[in-house]
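The listed protein sequences derive, respectively, from chains A and B. Per the numbering used here: the first sequence = residues 1 to 347. Per the numbering used here: the second sequence = residues 1001 to 1330. All C-beta atoms in this analysis are idealised placements derived from N, C-alpha and C, irrespective of residue type, glycine included. Here the structure comes first, spelled out in structure tokens, and everything after it is commentary.
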Amino acid sequence: MTEGAGLISPVTSPPVHDRGGGSPERGGELHGLNDAQLLDIFKTMYTIRRFEVTMERSHQAGDLYGPFHSSMGQEAIPAGVCAALRADDVVASTHRGHGHAIAKGAELGPVCAELWGKATGYCGGKGGSMHIVSTEHGFIGQSPIIGGSGLLATGAALSFDLKGDSRVAVAFLGDGAVGQGVFHETLNLAAIWRLPAVFVVENNGYAHSFRADQMQLNPDIASRADGYGIPGVVVDGIDVFSVYGAAAAAVERARAGDGPTLIEAKCYRWRGHNLGDAEHLYRERSEVEEARRSDPLHRFRQAVSGRLEPAALAEIEAAVDREIDDAARFAAESPFADPQTALEGSF
Amino acid sequence: MREISFIEAVREAQAEALISDDRVFIMGQEIGSYGGVFRATQDFVRRFGEHRVRDMPIAEQSMLGAGVGAAVMGMRPIVEVMFMDFVACGMDAIVNHAAKMRYMSGDQLRAPMVIRTQGGSGTHHGSQHSQTLESWFLHVPGLAVVVPSVPQDVKGLFKTSVELEHPVLFVEHRALYRTTGPVTDPVAPIPLGQGVVRRRGDDVTVAAVGKSVHQALAAALEMEEEGISVEVIDLRTLVPMDVELVLESLSHTHRLVVAHEAVERGGWAGELVSRVVAEGFDELDAPPLRAGSKATPIPFARELEAAMISDERLIARRVRESLDLAEHSA
Ligand SMILES: Cc1ncc(C[n+]2csc(CCOP(=O)(O)OP(=O)(O)O)c2C)c(N)n1
Ligand SMILES: [Mg+2]
Chain A
1 MTEGAGLISP VTSPPVHDRG GGSPERGGEL HGLNDAQLLD IFKTMYTIRR FEVTMERSHQ
61 AGDLYGPFHS SMGQEAIPAG VCAALRADDV VASTHRGHGH AIAKGAELGP VCAELWGKAT
121 GYCGGKGGSM HIVSTEHGFI GQSPIIGGSG LLATGAALSF DLKGDSRVAV AFLGDGAVGQ
181 GVFHETLNLA AIWRLPAVFV VENNGYAHSF RADQMQLNPD IASRADGYGI PGVVVDGIDV
241 FSVYGAAAAA VERARAGDGP TLIEAKCYRW RGHNLGDAEH LYRERSEVEE ARRSDPLHRF
301 RQAVSGRLEP AALAEIEAAV DREIDDAARF AAESPFADPQ TALEGSF
Chain B
1001 MREISFIEAV REAQAEALIS DDRVFIMGQE IGSYGGVFRA TQDFVRRFGE HRVRDMPIAE
1061 QSMLGAGVGA AVMGMRPIVE VMFMDFVACG MDAIVNHAAK MRYMSGDQLR APMVIRTQGG
1121 SGTHHGSQHS QTLESWFLHV PGLAVVVPSV PQDVKGLFKT SVELEHPVLF VEHRALYRTT
1181 GPVTDPVAPI PLGQGVVRRR GDDVTVAAVG KSVHQALAAA LEMEEEGISV EVIDLRTLVP
1241 MDVELVLESL SHTHRLVVAH EAVERGGWAG ELVSRVVAEG FDELDAPPLR AGSKATPIPF
1301 ARELEAAMIS DERLIARRVR ESLDLAEHSA
């Protein structure tokens, strides 16, 4: 994994399952991030982790219903990417998007309420887990139609270009999206118009039951960028600093008017595709256990040891735990979506 | 008679097609070793091999478009579109290619393929995973549209569909997958365009397909207690549509309600109603009414969905309106 200046270069990526065991050096330097920024990044990652765990449990209790896609194990990617963004930049996401919303600043209470179909959810219960939107935070939506987030971000970037804004649009995509024709149209369009966009493919090893190398003879997704004349970068998606470094460079390039970058973040989907997925049909328990030893939170702790006090991290954990309790309480105490509103908001 | 579930019927129907015709093969996402997200192809890879049960990347346009190419060269593809909403991603292949091949080519090329898909509300998948879109396809000459409601019909209609010389859209409602019903062994092919009377009644005819047939039957049962007698017709296919059967029924009920889960505006009920008005105006004692969903996207939350989706309460309401027992409300 390369860092800093070496980021924007063709990179040969390791196979998905070879992550080299997580040595403390892997994160390399901390990209000049100050303590407050480091703590913020940790807070984001830990929040996403706790949120996913809590929401998954709330399914058993019956508060959460409908499909649920956990982003556990992938927290470093939204945390690293969004740390490189301004508040007025925008993010488009996928069906696995709770982490993206949280990292972009969405508040936990209304996100939780949306997942539980409550009136106080960001979309008043109309959206649910796969359609969170918070324009206030530049979170412009999720596309569970695979591949859709790419064009949403491209169009947003086009609007910034037309208006002369210095804002940047980021699309998160899954490795499965690479199979869609629209993925290629998206990259080409953003490339020829040099749009201020960044495409982040979270290669979590699987598109539902399929490993990326089963559906693509060239499993190096970042290398696709060559075909469109834009930079393609592979980063270790377990390491938030690698992600941050690549994202910061890509965002800077986009803001400077030099066009889009394709970032492939290698990671691993810890949970089944969704709740109730028959995971045993396509992967061994041992593979999951092995992969879970590369924990982005653990990797962070190693990288900042000697720099941040463990007590400071513990304090954040305790605060986040309280915030999540508060969010769940807020959602629990909120009324269900008002049937009257069902017929409002279309036209 | 054997009692099987709707999804078992789908599975058996496809397996029988694979067994009896070696031109048949299946393409779709997660249909191979995973066995289909709804288990419609469970165990198929073992039974029929990976070359006939083909897992696809997430690429609807490719699987539908390549299906057309294979079909014109003499194969009989079954293409599974995981959620009906995703047909939008492969619309060009269906509408501009599959449907028109035979006609445009002066009958040199034919695209005999079955496009299987499932849709509908009730599982809280949100606006992009819950739609009922079969009405779109009535507007495209060259496509048959089949919407079965019971296991026996799944098998009988599928048998016919794979043997036809033109493309067929085969639409399943996922809320029916676990429902069960008797099946004969073997199941005789059911010709497209033949509806069936599911319940005899004297006062109002309700015409429906798929899940709405079950809701119409439930509404009919409920209204029986009020002394209202409802006849329920299951059209089974929308293209071709058995308007004759509806007219026959109207000759004794003289009142019609057409029920579907699809949005009422622009839905296929409008087509049936206009045919009935044109061909059976004299039979009608009341304006024909539609029981479809409100014109909004399908919301996630239970309470919101219930407020806009067509269901048995709406069907019952329309029946009463038709009998002048209630005011009509849109
Ligand atoms: C157009 C379309 N086709 C198929 C699906 C069904 N589907 C939902 S998620 C998924 C796998 C996505 O894999 P990937 O892009 O790698 O994202 P991940 O789930 O790993 O986050 C599939 C096939 C869909 N949602 N949209
Ligand atoms: Mg994936």
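DSSP state of residue i, grouped into three classes?
{"i": "A/Ile145", "result": "coil"}
{"i": "B/Pro1077", "result": "strand"}
{"i": "B/Leu1289", "result": "strand"}
{"i": "B/Thr1237", "result": "strand"}
{"i": "A/His280", "result": "helix"}
{"i": "A/Arg26", "result": "Summary for A/Arg26: the model assigns pLDDT 38, below 50, so the residue's position carries little reliability; its value from the coordinates is reported in the next sentence. Helix at A/Arg26."}
{"i": "B/Tyr1034", "result": "coil"}
{"i": "A/Lys126", "result": "coil"}
{"i": "B/His1173", "result": "strand"}
{"i": "B/Ile1315", "result": "helix"}
{"i": "B/Pro1376", "result": "Because chain B here runs from 1001 to 1330, residue 1376 of chain B falls outside it and cannot be looked at."}
{"i": "A/Met215", "result": "helix"}
{"i": "A/Phe172", "result": "strand"}
{"i": "A/Gly150", "result": "helix"}
{"i": "A/Asn203", "result": "strand"}
{"i": "A/Ser134", "result": "strand"}
{"i": "A/Gly179", "result": "helix"}
{"i": "A/Arg322", "result": "helix"}
{"i": "B/Ser1310", "result": "coil"}
{"i": "A/Glu55", "result": "In the sequence under discussion, the amino acid at residue 55 of chain A is Met, which differs from the Glu named in the question. Three-state DSSP puts A/Met55 in a helix."}
{"i": "B/Glu1003", "result": "strand"}
{"i": "A/Leu275", "result": "coil"}
{"i": "B/Val1168", "result": "strand"}
{"i": "A/Asp18", "result": "Its pLDDT being 30, under 50, A/Asp18 is placed unreliably in this model, and the value from its coordinates should be taken loosely. Looking at A/Asp18 - three-state DSSP - the assignment turns out to be coil, as it is neither helix nor strand."}
{"i": "B/Gly1142", "result": "coil"}
Looking only at C-alpha atoms, which of the options sits nearest to residue i?
{"i": "B/Phe1158", "options": "B/Tyr1103, B/Gly1227, B/Pro1077, B/Lys1211", "result": "B/Pro1077"}
{"i": "B/His1214", "options": "B/Val1053, B/Gly1067, B/Cys1089, B/Ile1315", "result": "B/Ile1315"}
{"i": "A/Ala328", "options": "A/Gly32, A/Glu107, A/Ala103, A/Leu38", "result": "A/Glu107"}
{"i": "A/Ala87", "options": "A/Val251, A/Arg283, A/Val234", "result": "A/Val251"}
{"i": "B/Leu1238", "options": "B/His1260, B/Arg1198, B/Asp1107", "result": "B/His1260"}
{"i": "A/Ser71", "options": "A/His184, A/Asp89, A/Arg96", "result": "A/Arg96"}
{"i": "A/Ala225", "options": "A/Leu187, A/Val91, A/Ile192, A/Tyr206", "result": "A/Leu187"}
{"i": "B/Leu1284", "options": "B/Ala1291, B/Gly1292, B/Ala1307, B/Ser1274", "result": "B/Ser1274"}
{"i": "A/Pro67", "options": "A/Glu29, A/Leu115, A/Gln37", "result": "A/Leu115"}
{"i": "B/Gln1061", "options": "B/His1129, B/Val1079, B/Gly1120, B/Trp1136", "result": "B/Val1079"}
{"i": "B/Gly1122", "options": "B/Leu1304, B/Arg1317, B/Arg1320", "result": "B/Leu1304"}
{"i": "A/Ala92", "options": "A/Val53, A/Thr120, A/Ile145, A/Ala76", "result": "A/Ile145"}
{"i": "B/Pro1167", "options": "B/Phe1137, B/Glu1244, B/Val1263", "result": "B/Phe1137"}
{"i": "A/Ile77", "options": "A/Glu333, A/His98, A/Leu64", "result": "A/His98"}
{"i": "B/Asn1096", "options": "B/Ala1111, B/Val1024, B/Ala1330", "result": "B/Ala1111"}
{"i": "B/Glu1321", "options": "B/Phe1083, B/Leu1256, B/Met1308", "result": "B/Leu1256"}
So is residue i buried or exposed if we call it buried at 16+ other beta carbons inside 10 Å?
{"i": "A/Leu281", "result": "exposed"}
{"i": "B/Met1104", "result": "exposed"}
{"i": "B/His1051", "result": "exposed"}
{"i": "B/Ala1326", "result": "exposed"}
{"i": "B/His1125", "result": "buried"}
{"i": "B/Arg1046", "result": "exposed"}
{"i": "A/Ala311", "result": "exposed"}
{"i": "A/Arg26", "result": "With a pLDDT of 38 at A/Arg26, under the threshold of 50, the modelled position of this residue cannot be trusted; read the value that follows with caution. Buried, because 16 or more other Cβ atoms sit within 10 Å of the Cβ of A/Arg26."}
{"i": "A/Ala113", "result": "buried"}
{"i": "A/Gln349", "result": "The requested residue 349 of chain A does not occur in the structure, where chain A is confined to residues 1 to 347."}
{"i": "A/Ser134", "result": "buried"}
{"i": "A/Arg253", "result": "buried"}
{"i": "A/Arg322", "result": "exposed"}
{"i": "A/His298", "result": "exposed"}
{"i": "B/Gly1032", "result": "buried"}
{"i": "B/Leu1018", "result": "buried"}
{"i": "A/Pro24", "result": "Below a pLDDT of 50, predicted positions are generally treated as unreliable, and A/Pro24, at 36, falls in that range; the measurement from the model is reported next regardless. Counting Cβ neighbours within 10 Å, A/Pro24 comes out exposed, since fewer than 16 surround it."}
{"i": "A/Lys163", "result": "exposed"}
{"i": "A/Glu75", "result": "buried"}
Please report whether the beta-carbon of residue i lies at a distance below 9 Å from any beta-carbon of chain C.
{"i": "A/Glu114", "result": "Absent here is chain C; the protein component of the structure consists of chains A and B."}
Would you list, in sequence order, the uninterrupted alpha helix (DSSP H) runs of no fewer than 4 residues that lie entirely inside the segment 224-271 of chain A?
-> 240-255
What are the complete alpha helix (DSSP H) segments, minimum 4 residues, inside the segment 1061-1132 of chain B?
-> 1101-1104
Continuous beta strand (DSSP E) assignments of at least 3 residues falling wholly in the segment 1250-1304 of chain B = 1256-1263, 1289-1293
Starting from the N-terminal side, write out each stretch of the alpha helix (DSSP H) that is 4 residues or longer and does not extend beyond the segment 78-103 of chain A.
-> 98-103
Mind listing, in chain order, the continuous alpha helix (DSSP H) runs of no fewer than 4 residues lying wholly within the segment 1179-1227 of chain B?
-> 1211-1224
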